[in-house]
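Worksheet for the structure shown next.
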Amino acid sequence: MKRTGEIVLGVIGMILSALIALMGMLFMFAGKSEDVKPILEESLNDPTINQEGIDANMILDMMSTAGSALIIAAILGVVLGIIALIAIKGNKKPKLAGTMFIIGAVLIGVITIGFGFLPALLYLIAGIMCFARKPSFPDTNDGQIENL
Numbered sequence: 001m002k003r004t005g006e007i008v009l010g011v012i013g014m015i016l017s018a019l020i021a022l023m024g025m026l027f028m029f030a031g032k033s034e035d036v037k038p039i040l041e042e043s044l045n046d047p048t049i050n051q052e053g054i055d056a057n058m059i060l061d062m063m064s065t066a067g068s069a070l071i072i073a074a075i076l077g078v079v080l081g082i083i084a085l086i087a088i089k090g091n092k093k094p095k096l097a098g099t100m101f102i103i104g105a106v107l108i109g110v111i112t113i114g115f116g117f118l119p120a121l122l123y124l125i126a127g128i129m130c131f132a133r134k135p136s137f138p139d140t141n142d143g144q145i146e147n148l
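Following this line, the structure appears as structure tokens:
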């Protein structure tokens, strides 16, 4: 039985996880950049914004922390996706691949607090497909007809 569906979903999930890692790097860069702070302070000084307890440094720290979390989740997702793809290639170990896909889906979804919804969903679907499809067993007759 071919596992093309699981492989395609896994590859797309890995690509989206890599894009989340790039977004995390952008957040970290923005959180540590001194060029962003004046723009953020100017936005916070807008009279229409209620800024009780909000500080520009606090927002930049949160962006940097969120960037780190996104990068960690994306790296875990890509690594688990690679392990799952190696396990599913050639229909060798579909149970291991399904487990890796589902663990990757949960980790990406939880660590990114829903930001990585799409790759997590793709991994979850691929993991369920790995468990739902039963491997086909080779025909023991090899084309010969048994005498009854």
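Here the sequence shown is numbered in full-length UniProt numbering, starting from 1 and rising by one per residue.
We put the beta carbon where it would ideally sit given N, CA and C, even for glycine.
{"Check": "Ranges of the alpha helix (DSSP H) found wholly within the segment 39–104, counting only runs of at least 4", "Outcome": "56–88"}
{"Check": "Beta-carbon proximity list for L60, same chain, < 6 Å, skipping 5 on both sides", "Outcome": "G31"}
{"Check": "C-alpha distance - M118 paired with L16, whole-angstrom precision", "Outcome": "As written in the sequence, residue 118 is Leu, which differs from the Met given in the question. Those two C-alpha atoms are separated by around 8 Å."}
{"Check": "Chain-order list of residues whose beta-carbon lies under 6 Å from that of L85 (same chain, five-residue window excluded)", "Outcome": "G10"}
{"Check": "Through-space distance from M14 to L121, alpha-carbon basis", "Outcome": "12 Å"}
{"Check": "C-beta atoms of residue 168 and G67 nearer than 8 Å", "Outcome": "What is shown of the chain runs 1 to 148, which leaves residue 168 out entirely."}
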